[in-house]
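S.K.:
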Amino acid sequence: MATQQAAVTDVASHARSTGVLGTLDTADGQPDLFAPLSDGMSCAFAASARMVAQGIEASLPDAATLLALLPESLREGSAEGYVRHLVHADPLARFSAMLIVWRPGQHSPVHGHQTWCAYRVLRGTLHERHYRWDAQARQAHPCGEITRTVGDTFSVPAGLRHIHALGNDSDAVAVSLHIYGVDQEHICSGVNLLVDAA
Ligand SMILES: [Fe+2]
1 MATQQAAVTD VASHARSTGV LGTLDTADGQ PDLFAPLSDG MSCAFAASAR
51 MVAQGIEASL PDAATLLALL PESLREGSAE GYVRHLVHAD PLARFSAMLI
101 VWRPGQHSPV HGHQTWCAYR VLRGTLHERH YRWDAQARQA HPCGEITRTV
151 GDTFSVPAGL RHIHALGNDS DAVAVSLHIY GVDQEHICSG VNLLVDAA
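Residues in the sequence shown are numbered consecutively from 1, following the UniProt record's numbering.
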């Protein structure tokens with residue numbers, strides 16, 4: 001028997017392509033009907049990220065086994081900056097796993113996230129600086145920092161509720177495992193949400 005595929009119409013994309021979206025702009029006083037849904041989704045994304053972190057702790061092997069995924073010649077990093085290595089791409093394109101090698105003094109930019117992520121320190125020490133988003137000034141302000149050591153696992157939801165910069169303030173190479181909720185084709189463009197920081 002032949003199967004019939006349901007038609008799916010992306011109205012928002014159609015609106016963008018035809019210019020209709022301008023009439024839906026909430027800046028003119030129209031209520032944002034999707035704001036409550038967005039708030040609820042933020043909670044769902046945070047819960048998803050936490051579950052991924054729990055999955056890392058429960059399902060993945062120890063640090064030495066994960067580090068062995070990386071050829072020894074790549075474990076010392078690069079003088080050019082921290083280096084990300086894809087070590088697993090989900091066959092269904094739901095997530096990607098990266099090993100990141102940080103030499104002393106190398107840091108990420110300040111960023112929120114377009115997707116959830118979770119990470120675990122496998123070697124050395126990482127420093128995570130936290131920021132609070134000022135929506136009016138459209139700027140992130142420092143609000144704390146924490147040191148992560150081997151075995152520490154942490155999750156980050158999509159959005160701007162958790163803005164951070166990761167880096168290596170120690171004098172030894174650090175390596176961390178990161179799971180991102182994007183397929184491998186979108187790691188460069190679909191993970192970090194770069195923001196201005198005070
Ligand atoms: Fe991040």
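For every residue, glycine included, the Cβ atom is placed at its ideal position computed from N, Cα and C.
I want to check one thing, is the minimum distance from the CB of Val182 to the heavy atoms of ligand 1 below 7 Å?
M.R.: Answer for Val182: no, Cβ out of range of ligand 1.
S.K.: One question on the structure: do Tyr180 and Val191 come within less than 8 Å of each other, judged by their Cβ atoms?
M.R.: Result yes, Cβ atoms of Tyr180 and Val191 sit closer than 8 Å.
S.K.: To the nearest angstrom, how far is the alpha carbon of Asp92 from that of Ile187?
M.R.: Reading off the sequence shown, one finds Leu at residue 92, where the question assumed Asp. Answer to the nearest angstrom: the Cα atoms are 15 Å apart.
S.K.: Check whether the Cβ atoms of Thr153 and Thr125 lie closer than 8 Å to each other.
M.R.: Going by C-beta atoms, Thr153 is not nearer than 8 Å to Thr125.
S.K.: Identify whether residue 218 lies in helix, strand or coil by the three-state DSSP scheme.
M.R.: No answer is possible for residue 218: the residues shown for the chain start at 1 and end at 198.
S.K.: In angstroms with no decimal places, state the Cα-to-Cα distance between Leu33 and Gly40.
M.R.: Each residue's Cα considered, the two are about 13 Å apart.
S.K.: Once DSSP output is grouped into helix, strand and coil, what is the label at Val52?
M.R.: Here Val52 sits in helix by DSSP.
S.K.: Measuring only the C-alpha atoms, how far is Pro104 from Pro31?
M.R.: Answer to the nearest angstrom: the Cα atoms are 49 Å apart.
S.K.: Over the uninterrupted beta strand (DSSP E) stretch that includes Leu67, give me the two end residues.
M.R.: Here Leu67 belongs to no beta strand (DSSP E); instead the alpha helix (DSSP H) covers Ala63 to Leu67.
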